[in-house]
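Remarks on the structure that follows.
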Amino acid sequence: MTTESVPQAQARPERFADLFAHRRWIRRTQPFPHVYARDVFVPEFYQRLTDDLARVRRDSPQLFGQVATNYSADGIRLADLRDTSFEVFISREWHDLITGVAGVTATGDLEGSVHHHAPGAPYGWPHNDLNPAWFPGEAPGPAEVRLPDGSVETKTGAREPGVVARESIRAVAMLFYLGNPDWQPGDGGETALYDNIAEGEKLPELTLVPPLDNSLILFEVTPRTWHTFAGGNTKDRNSVVMWAHRTKDDALERWGGDRIAYW
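Throughout the sequence shown, residue numbering follows numbering that gives the first Met the number 0, covering 0 to 262 in sequence.
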């Protein structure tokens, strides 16, 4: 495995830049290229995130629902966390940061939620995130982002006649871990990263990324970015899970239509 520092963008609004504790994000090459960072935000802002999550879960439990069929997580959409500290993750500055680090030309479309796995959650299934998503309206401008909403079904694009929507493909995946205090080896709940299991030539090798508070992992989504929730957590496990998107034409040119995993 090789590592190198990831240069951050030079010009960021001071308010946004001041949220970060440092610029020492690390680029790793195995088992597939990804970026890892510890102590991402300054302590004061990280505490705001954990406090806001606890408050929303206490005051608005109806906003949390099952993330997917046969998947152990419940979650709340980032779109439902406006006017909290989580709004940072749906800002254009954050979009441009993660897509810039990943080296991806993206559309301004963002989808994501905060996931919660209760203790004893089972192992997930390997997937590469090379999936489509539908967004309402015209493409966002250079200072805007677009989020899913109820007017368009995110996975299928189903909508009422006359509703404008666009199909894009996940391009950058990001997981930010929070609300997992005092995690220790053996507590479980890691994210498992695989080498290319799609080839089926050998048993996959995997790397376990621990859900340490205030840490993140991000990567360009490709046909080789196989990963999953490793399960077996002895405590609650929380994370922000989100994606930035590229145009469908870009994805087809890069990967071919047969590599996109339609729902």
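In this text, a Cβ means the ideal position worked out from N, Cα and C, and glycines have one as well.
I75 versus Q46 - alpha carbon distance: Each residue's alpha carbon lies about 19 angstroms from the other.
Run through the region 111-183 for me and flag every whole beta strand (DSSP E) of 3 or more residues, listed as ranges in chain order. 131-135 and 164-176
Do L52 and N343 count as a contact pair if the criterion is CB distance below 9 angstroms? Nothing can be reported for residue 343: it is not among the residues displayed for the chain, which extend from 0 to 262.
Proximal residues to A36 (C-beta, below 6 angstroms), its chain only, five neighbours per side dropped: W24 and L215
I'd like the list of long-range same chain contacts for A191, defined as Cβ closer than 7 angstroms, with 5 residues on each side in sequence excluded. Cβ within range, chain order: L205, L207, H226, T227 and A229.
Based on DSSP bridge pairs, tell me the residues matched to T221. Answer by DSSP bridge pairing: none, since T221 is not bridged.
I need the boundaries of the alpha helix (DSSP H) containing G99, first residue and last residue. R91 to A101
When the Cα atoms are used, what is the spatial distance from R223 to N213? 26 angstroms
For L211, write down the residues that DSSP places opposite it in a beta bridge. DSSP lists no partner for L211.
So, for I259: in the same chain, excluding its five sequence neighbours on each side, which residues have a beta-carbon less than 8 angstroms away from its beta-carbon? L129, N130, P131, I168, A250 and L251
Secondary structure of S84, DSSP reduced to three states: helix
Excluding the 5 residues preceding and the 5 following K247 in the sequence, name in chain order all residues of the same chain whose CB lies nearer than 8 angstroms to its CB. P131, E166, S167 and I168
First through last residue of the beta strand (DSSP E) which encompasses A78: Per DSSP, A78 is not a residue of any beta strand (DSSP E), being assigned neither H nor E.
Buried versus exposed, by CB contacts within 10 Å (16 or more), P210: Buried, by the Cβ-count rule.
DSSP bridge partner residues for W242 (one or two, in chain order): E110 and A172
Below 8 angstroms on the Cβ atoms is my contact criterion, and I expect V282 with R26 to pass it. Report the Cβ-Cβ distance as a whole number of Å. This structure gives no information on residue 282, because the portion of the chain shown stretches from 0 to 262.
How long is the line joining the alpha carbons of I196 and T104, rounded to whole angstroms? 27 angstroms
Residue range of the unbroken alpha helix (DSSP H) whose run includes T49: Here the alpha helix (DSSP H) through T49 covers P42 to D58.
If distances are taken between C-alpha atoms only, which option among T106, A117, S84 and Y261 comes closest to T155? Y261
Whole-number beta carbon distance between G111 and V220, since they are thought to touch under 8 angstroms: Contact doesn't hold; Cβ gap of about 13 angstroms is too wide.
Inter-residue spacing [alpha-carbon to alpha-carbon] between G185 and S59: 32 angstroms
At what residues does the alpha helix (DSSP H) containing R253 begin and finish? Looking at the DSSP string, the run of the alpha helix (DSSP H) that includes R253 is K247 to W254.
Of the choices T83, E143, Y176 and Y193, whose alpha-carbon is the least far from that of W124? Y193
Return the CA-CA distance between V163 and F44, expressed in angstroms with no decimal places. 37 angstroms
For A105, name the three-state secondary structure that DSSP assigns. coil
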